[in-house]
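Take a look at the structure set out below.
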Amino acid sequence: MTVHLIKVCVGISSVQQLRSSQERRLIAGDLCHVTKQRPQREAELLDGGSLYWIIKGNIAVRQRITALERLYDGEGEKCGLILDPELVETELVQRGPHQGWRYLEVADAPRDLRDIVEEANGDEDTEGEMSPEMAAELRELGLI
0 MTVHLIKVCV GISSVQQLRS SQERRLIAGD LCHVTKQRPQ REAELLDGGS LYWIIKGNIA
60 VRQRITALER LYDGEGEKCG LILDPELVET ELVQRGPHQG WRYLEVADAP RDLRDIVEEA
120 NGDEDTEGEM SPEMAAELRE LGLI
C-alpha cells in the first residue's frame, strides 16, 4: 500500500522557483533531497509514493520518490530521497509548518491539478475555472 511524505519547501516561494532551482541541480545528476531520518515505511514509499511540498503554507506540488539512498557525513547516516524531476502541481491545501517530513496517507493527499482540469473539461456545464489560490482561500474560509 502506498504512502507519501510531506515537507516544507524552505526558501522557496513558488512552484516556478522550485522548478528553476531543480533544473539547475539536474545538471549534476539525479535530484536528491537529504533528510536526517530514514523513513521506516520504505517499501510503501517506493510503491508509487511522492514527496508533497508545502510552499507558502499550502501543499502545492509533488514529486514521485524513485529511491532512497544511505548517505554519510560527519554527523552520521542520513537519507537521500531520490526524486523524479517531474513536478506535478496539486490543488492547494493549507498546511501548517513543521520540521522535517511527515507521512501523508493516500486518502489525505491533494488531487493533481491536471486531474481536476480533465474532470472539469469533461463537464460541459462548467462556466469557469477557479484558480488554485481562490480555491485554497475559499477552503480556508470554510466555504468549500
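With numbering that gives the first Met the number 0, letter number 38 in the sequence shown gets 37, and the count goes up by one each step, no holes. Glycine residues also receive a C-beta, built at the ideal position from the N, C-alpha and C atoms. Quantities reported herein were computed from a predicted structural model and do not represent experimental measurements.
What's the call for residue i, buried or exposed, on a 16-neighbour Cβ count within 10 Å?
| i | result |
| --- | --- |
| Lys6 | buried |
| Gln120 | Per the sequence shown, residue 120 should be read as Asn rather than Gln. The residue is exposed, with fewer than 16 neighbouring Cβ atoms inside 10 Å. |
| Val33 | exposed |
| Thr125 | Bear in mind that the predicted position of Thr125 carries a pLDDT of just 47, short of 50, making it unreliable; the figure below should be weighed with that in mind. Exposed: under 16 other Cβ atoms inside 10 Å. |
| Leu137 | exposed |
| Met133 | exposed |
| Ala106 | exposed |
Can you tell me which of the options puts its alpha carbon nearest to the alpha carbon of residue i?
| i | options | result |
| --- | --- | --- |
| Leu67 | Leu112, Arg37 and Ala27 | Arg37 |
| Ile58 | Leu103, Ile64, Glu117 and Val116 | Leu103 |
| Met0 | Leu17, Cys31 and Glu43 | Glu43 |
| Gly95 | Ile54, Ser130, Glu118 and Glu85 | Ile54 |
| Val116 | Met129, Arg40, Glu22 and Ala106 | Met129 |
| Asp46 | Gly10, Val2 and Ile11 | Val2 |
| Arg40 | Arg101, Arg23 and Ser12 | Arg101 |
| Val14 | Gln93, Arg23 and Trp52 | Trp52 |
| Arg113 | Asp107, Val105, Gln93 and Val60 | Val60 |
| Gly56 | Asp107, Ala106, Val105 and Ile11 | Ile11 |
Which residues in the same chain have their Cβ closer than 6 Å to the Cβ of residue i, if we skip the five residues on either side of it in sequence?
| i | result |
| --- | --- |
| Asp111 | Val87 and Thr89 |
| Ala108 | His3 |
Taking 7 Å as the cut-off, decide whether the C-beta atoms of residue i and residue j are in contact.
| i | j | result |
| --- | --- | --- |
| Leu17 | Leu50 | no |
| Gly48 | Ile64 | yes |
| Leu82 | Gln98 | no |
| Pro131 | Leu70 | no |
Taking only beta-carbon atoms, is residue i less than 7 Å away from chain C?
| i | result |
| --- | --- |
| Leu112 | The structure shown contains no chain C; it holds only a single protein chain. |
By Cβ distance below 7 Å, which residues in the same chain neighbour residue i in space, the five residues on each side in sequence not counted?
| i | result |
| --- | --- |
| Pro84 | Gln21, Leu25 and Leu30 |
| Cys8 | Leu17, Trp52, Ile53 and Ile54 |
Given the structure, does residue i come close to the ligand NAP, in the sense that its CB is under 6 Å from one of the ligand's heavy atoms?
| i | result |
| --- | --- |
| Val9 | Among the components modelled here there is no ligand, and therefore nothing to report on the ligand NAP. |
Spell out a yes or no on whether the region 72-79 and the region 19-27 are touching, meaning 3 or more CB-CB pairs, one atom from each, closer than 8 Å.
-> no
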